[in-house]
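Chemist: Take the sequence shown: its position 136, counting from 1, is numbered 135 in numbering that gives the first Met the number 0, and each next residue is one higher. Cβ atoms here follow ideal geometry from the backbone N, Cα and C, with glycine treated the same way. Bear in mind that the values here come from a model prediction, so they are computed numbers and not experimental data. Pasting a structure here, questions to come.
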Amino acid sequence: MRITIAGAGYVGLITGVCLSHRGRDITLIDPDASKIALLREGHAPIFENGLPKLLEECGEKMSFTTDPQKAYARADVIVFAVPTPDRRDGSANLAYLFEACAQVASFCEKGCFVVVKSTVPVGTCDKVERYFDSNTRPGLFRVVSNPEFLAQGTAIEDTLRPARIVIGAGDDNAAQSVREIYDGFDSTFVITDRRTAEMIKYASNDFLALKISYINEIANLCEIVGADSETVSLGMGLDPRIGLRYLRPGTGYGGSCFPKDTKALHWLARYHDYELKTIKATIEVNETQKIRLFKKAKKYYKDLQGVIVAVLGLAFKPGTDDLREAPSVDVIQLLAEEGAVVRTWDPAAAARFAQQYPDLVLACPTVEETLGGADLCLIMTEWDEIISYDPNDFARLMHTPIVIDGRNCYTPGAFTGSGVLYDSVGRQVVNSEVMTRIEACS
Ligand code: UGA
């Protein structure tokens, strides 16, 4: 089975190398010639744990091209992994998807299965099939939805060992043919119709986003009423009906998926005259949470003019250099507007930040240099280097040791007696003689 993947972005590239690793015949096409040249030389154009090694292993087995004739003419399956960015109104922009359709229609005369992996509004696969039916011989292309659930930082593991594989097709033959791509994958298959498959993707991402906004609100309330949000998350999450994951309060969700997919589903519902109230609230809560660290900074410094702020972590989460919708960007812009002097450190995203926002901050090569003489420290990303940083060094290096930890990297007690004023998310030193502990039954 010859598989061509359109789009060498996150989803396309990771899917390609993982399928090639599992012995599939993969061609990856992207219009970006510099990206394709890098890949041909064996270099990864994106930052992802384990990707360089897998790419090296794929070697000659996987081919890369910018030429649609080469990519599409002989393909048995074409996978669309092109971007679907959001428009101003929150709706998904499908221009790249339909550009790919036009190329496939021109260059794949024999027809094939078209698999849509990009996150697309419900009903898009039907539209794509109608496009092929009206621009080529009807029935020549059969379109199947196969949404992607990989997360940045764990993308390879998520793809090689997925929790589930969702296939949405118009008929059993199409579903079965696409299922064969995943022969040998140890996973649960959900085979369904196309619209349901498309909805599973949005419903999954939006539910995770909702879980995060929910726990962020609970954490904010914990701060007011004097409860410990981390123990609340644990106490809730041990109930298997709730689950422990995506209950970490923080600075709000970012990245290229949750912000876009919550807005897109909200838009889609509105388009059909239905209001998704939970998702609307999820979005609103996140907008406020993203700037919460700035608001906290104002609590300590009414006037931020000339205040030296050390920002540790820029990426929207650890394990990536991605700054899309990263809370750090909003917070730093607000700090700069108020005249603060912002210094930053990030082990992966520093160069990208400097390129996208030149002159906004002073990027420091080490945590020490970032903290040296600072009046305030904001922790925006829970990088391992920050978690393992000695709490005593904040007091030693900073001019005024106030640390606002947006990711709960330290226990509140870690700073006891250090002279550091430590403020975190939904936690405070609780006035109780009972130490929180988990006792497993023997
Ligand atoms: C997300 C989903 O997790 C993937 O399943 C999905 O395939 C992907 O979107 C996509 O649609 O392509 P990703 O955006 O890479 O993956 O990142 P996540 O690890 O899910 O984190 C998203 C945001 O939520 C981050 O800003 C993270 O810091 C935040 N988060 C996550 C929390 O604030 N608390 C948590 O408990 C978990």
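If we ignore side chains and look at the alpha-carbon of each, how far apart do Lys276 and Phe106 end up?
Modeler: Numbered from 1 along the sequence shown, position 277 holds the residue referred to as residue 276. Numbered from 1 along the sequence shown, position 107 holds the residue referred to as residue 106. When rounded, the distance between both Cα atoms is 44 Å.
Chemist: For Gly372, I'd like the list of residues in its chain whose CB is within less than 8 Å of its CB, leaving aside the five on either flank, ordered along the chain.
Modeler: Here residue 372 is taken as the residue at index 373 of the sequence shown, counted from 1. So the list reads Ile307, Leu396, Met397 and His398, once near-sequence residues are dropped.
Chemist: Would you mind listing the beta strand (DSSP E) stretches within the stretch 123 to 147 that are 3+ residues and don't spill past its ends, in chain order?
Modeler: With a minimum length of 3 residues, the continuous beta strand (DSSP E) runs that stay inside the stretch 123 to 147 are 140 to 144.
Chemist: Under 8 Å between the Cβ atoms of Ile35 and Tyr9?
Modeler: Counted from its first residue, the sequence shown places residue 35 at position 36. Counted from its first residue, the sequence shown places residue 9 at position 10. No, these two residues do not count as a Cβ contact at 8 Å.
Chemist: Kindly list the residues whose CB is nearer than 7 Å to the CB of Val121, restricted to its own chain and excluding five residues on each side of it in sequence; keep chain order.
Modeler: Walking along the sequence shown from the start, residue 121 turns up at place 122. The residues are Arg194, Glu197, Met198 and Leu267.
Chemist: Kindly examine the ligand FMN and report whether one of its heavy atoms sits closer than 7 Å to the Cβ of Glu147.
Modeler: This structure lacks the ligand FMN; its bound ligands are the ligand UGA.
Chemist: Please name the residue in Leu237, Gly249, Asp238 and Arg244 whose C-alpha comes closest to that of Cys221.
Modeler: Position 222 of the sequence shown, counted from the first residue, corresponds to residue 221. The shortest C-alpha separation from Cys221 is found at Gly249.
Chemist: From the DSSP output, in three-state form, read off Gly242 for me.
Modeler: The residue you call residue 242 lines up with position 243 of the sequence shown. The answer is coil: DSSP assigns Gly242 none of H, G, I, E or B.
Chemist: Whole angstroms is fine: what's the gap from Arg73's alpha carbon to Thr319's?
Modeler: As a position in the sequence shown, residue 73 is number 74, starting the count at 1. As a position in the sequence shown, residue 319 is number 320, starting the count at 1. Answer to the nearest angstrom: the Cα atoms are 35 Å apart.
Chemist: First and last residue of the beta strand (DSSP E) that includes Trp344?
Modeler: On the sequence shown, residue 344 is found 345 positions in, with the first residue counted as 1. Its beta strand (DSSP E) spans residues Val340 to Trp344.
Chemist: With H, G and I counted as helix, E and B as strand and the rest as coil, what does DSSP make of Ala226?
Modeler: The residue you call residue 226 lines up with position 227 of the sequence shown. Three-state DSSP puts Ala226 in coil, outside helix and strand.
Chemist: Hey, would you say the C-beta of Gln230 is under 7 Å away from at least one heavy atom of the ligand UGA?
Modeler: Mapped onto the sequence shown, residue 230 falls at position 231. Here residue 230 turns out to be Thr, not Gln, going by the sequence shown. No.
Chemist: Since I believe Ile403 is in contact with Leu333 (beta carbons under 8 Å), could you give me their beta-carbon distance rounded to a whole number of angstroms?
Modeler: Locating residue 333 in the sequence shown gives position 334, counting from the first residue. Locating residue 403 in the sequence shown gives position 404, counting from the first residue. So it is not a contact: roughly 14 Å between Cβ atoms.
Chemist: Within 7 Å: the Cβ of Thr118 and any heavy atom of the ligand UGA?
Modeler: Counting from one through the sequence shown, the residue named residue 118 turns up at place 119. Correct: Thr118 has its Cβ closer than 7 Å to the ligand UGA.
Chemist: Tell me the rounded alpha-carbon separation between Asn48 and Ile155.
Modeler: Residue mapping note: residue 48 aligns to position 49 of the sequence shown, counting from 1. Residue mapping note: residue 155 aligns to position 156 of the sequence shown, counting from 1. So the two alpha carbons sit approximately 8 Å from each other.
Chemist: Taking Phe206 as the reference, give the member of Arg141, Leu233, Asp302 and Ile278 with the closest Cα.
Modeler: As a working mapping, residue 206 is identified with position 207 in the sequence shown. Answer by Cα proximity: Ile278.
Chemist: Use the C-beta contact count for Ile378: other C-beta atoms within 10 angstroms, 16 or more gives buried, fewer gives exposed.
Modeler: By 1-based counting over the sequence shown, the position of residue 378 is 379. Buried is the call here.
Chemist: The alpha helix (DSSP H) spanning Asp171 covers which residue range?
Modeler: Position 172 of the sequence shown, counting from 1, holds the residue named residue 171. Element bounds for Asp171: Asp171 to Arg178.
Chemist: The ligand UGA and Gln354: does the residue's C-beta get closer than 7 Å to at least one heavy atom of that ligand?
Modeler: Indexing the sequence shown from 1 puts residue 354 at position 355. No, the beta carbon of Gln354 sits no closer than 7 Å to any heavy atom of the ligand UGA.
Chemist: When the Cβ atoms of the stretch 408 to 423 are set against those of the stretch 384 to 393, are three or more pairs found closer than 8 Å?
Modeler: In short, these stretches touch, since the Cβ pair count reaches three.
Chemist: Per DSSP, what kind of secondary structure is Tyr421 in: helix, strand or coil?
Modeler: Within the sequence shown, numbered from 1, the residue matching residue 421 stands at position 422. Tyr421: strand per DSSP, three-state reduction.
Chemist: Pair every Cβ in the stretch 85 to 95 with every Cβ in the stretch 49 to 57, then say whether three or more of these pairs are closer than 8 Å.
Modeler: Output reads no: the stretch 49 to 57 does not touch the stretch 85 to 95.
Chemist: At the level of alpha carbons, what is the spacing between His271 and Asp238?
Modeler: Here residue 271 refers to the residue found at position 272 of the sequence shown. Here residue 238 refers to the residue found at position 239 of the sequence shown. Each residue's alpha carbon lies about 36 Å from the other.
Chemist: Is any heavy atom of the ligand UGA found at a distance shorter than 7 Å from the C-beta of Asp85?
Modeler: Numbered from 1 along the sequence shown, position 86 holds the residue referred to as residue 85. Because no heavy atom of the ligand UGA lies under 7 Å away, the Cβ of Asp85 does not count as near it: no.
Chemist: DSSP three-state call for Ala218: helix, strand or coil?
Modeler: Mapped onto the sequence shown, residue 218 falls at position 219. Correct three-state label for Ala218: helix.
Chemist: Using CA coordinates, which residue listed in Ile13, Gly425 and Ser19 is at the minimum distance from Leu246?
Modeler: Locating residue 246 in the sequence shown gives position 247, counting from the first residue. With distances taken between Cα atoms, Leu246 lies closest to Gly425.
Chemist: Count the other C-beta atoms from every protein chain shown that fall within 10 angstroms of the C-beta of Lys60, then say buried if there are 16 or more, exposed otherwise.
Modeler: Here residue 60 refers to the residue found at position 61 when the sequence shown is read from its first residue. Looking at its Cβ environment, which holds fewer than 16 other Cβ atoms inside 10 Å, Lys60 is exposed.
Chemist: So, do the stretch 18 to 27 and the stretch 118 to 132 have three or more beta carbon pairs nearer to each other than 8 Å?
Modeler: Too few Cβ pairs lie closer than 8 Å, so no.
Chemist: Do Leu370 and Ile331 have their C-beta atoms within less than 8 Å of each other?
Modeler: As a working note, residue 370 is residue 371 in the sequence shown. As a working note, residue 331 is residue 332 in the sequence shown. The answer is no: Cβ separation not under 8 Å.
Chemist: Do Thr3 and Ala80 have their beta-carbon atoms positioned less than 8 Å apart in this structure?
Modeler: By one-based count along the sequence shown, residue 80 stands at place 81. By one-based count along the sequence shown, residue 3 stands at place 4. Going by C-beta atoms, Ala80 is not nearer than 8 Å to Thr3.
Chemist: Determine the direct distance from the alpha carbon of Gly405 to that of Leu292, and round the result to whole angstroms.
Modeler: Position 293 of the sequence shown, counting from 1, holds the residue named residue 292. Position 406 of the sequence shown, counting from 1, holds the residue named residue 405. Computed Cα separation, rounded: 7 Å.
Chemist: Run through DSSP, which three-state label would Met235 get?
Modeler: Taking the first residue of the sequence shown as 1, we reach residue 235 at position 236. It is helical.
Chemist: Closer than 6 Å by C-beta to Leu361: which residues in its own chain qualify, once you throw out the five before and the five after it? Chain order, please.
Modeler: Here residue 361 corresponds to residue number 362 of the sequence shown, with the count starting at 1. So the qualifying residues of the chain are Arg342.
Chemist: My output table needs one value for Thr365: the three-state DSSP class, helix, strand or coil.
Modeler: Position 366 of the sequence shown, counted from the start, is the residue given in the question as residue 365. Coil.
Chemist: Starting from the Cα of Leu71, find the closest Cα among Phe112, Leu54 and Thr83 and give me that residue.
Modeler: Taking the sequence shown and counting its residues from 1, one reaches residue 71 at position 72. Sequence inspection shows Tyr at residue 71; the Leu mentioned does not correspond to that position. It is Phe112 whose Cα lies nearest to the Cα of Tyr71.
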